[in-house]
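Going by my numbering, the first residue of the sequence shown is number 26, and it counts up by one from there.
Quick notes on the structure that follows.
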Amino acid sequence: MTPGERIKLRRKEMKQTQRNLASAVKVSHVTISQWESCDTTPGGKNLFSLAKALKCSPTWILYGDTDNSPVPVEDLATTLSERELELLQLFAFLPESEKERHMENLKHKVEEFNKLFAELLQARTDIKI
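This is the structure in structure tokens:
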């Protein structure tokens, strides 16, 4: 299965149109069409935005890694786990200034992991060439 076929399959599983997905990823619907027809492949920031919108991993989109297969739509969590609830409860007790500080720290951590992930994806792509 190609990356385009995986994108289209997941989009349809989630009952999304190309236009809806394009809006979520902040690209044109033509771009989604090009990805699905394998004219181009998503990369960088668009790949991460696409993965987030499709609730799957970037490596599943690009390579079909079975370890990173998306959770079936019907199995997506509709409730929070105990850990998520605990985190929200603890967060609620913090003063506003501490909430801001922790939010900024978390955003920074996510950016660092996204950069690292992009580097790992690039290295994996370079090795396969």
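Backbone N, C-alpha and C fix where the C-beta goes; we use that ideal spot for every residue, glycine too.
Taking the C-beta atoms as reference points, T65 is found no nearer than 8 Å to L146.
Scanning the stretch 36 to 94 for uninterrupted alpha helix (DSSP H) segments of 4 residues or longer gives 43 to 50, 54 to 61, 69 to 79, 83 to 88, listed from N- to C-terminal end. Under the Cβ criterion (8 Å, minimum of three pairs), the stretch 124 to 136 does not count as touching the stretch 66 to 81.
Distance from the CA atom of E107 to the CA atom of Q114, rounded to whole angstroms, is 10 Å. The C-alpha of L79 is placed about 7 Å away from the C-alpha of R36. Between the beta-carbon of G89 and that of M39 there is about 17 Å, and that puts the pair past the 8 Å contact cut. By the neighbour-count definition (other C-beta atoms within 10 Å, threshold 16), A76 is a buried residue. For A49 against T56, the beta-carbon gap comes to about 12 Å, at or over 8 Å, which does not count as contact.
Using a Cβ distance threshold of 8 Å, Q41 and H54 do not count as a contacting pair. For F116, the enclosing alpha helix (DSSP H) stretches over residues 107 to 117.
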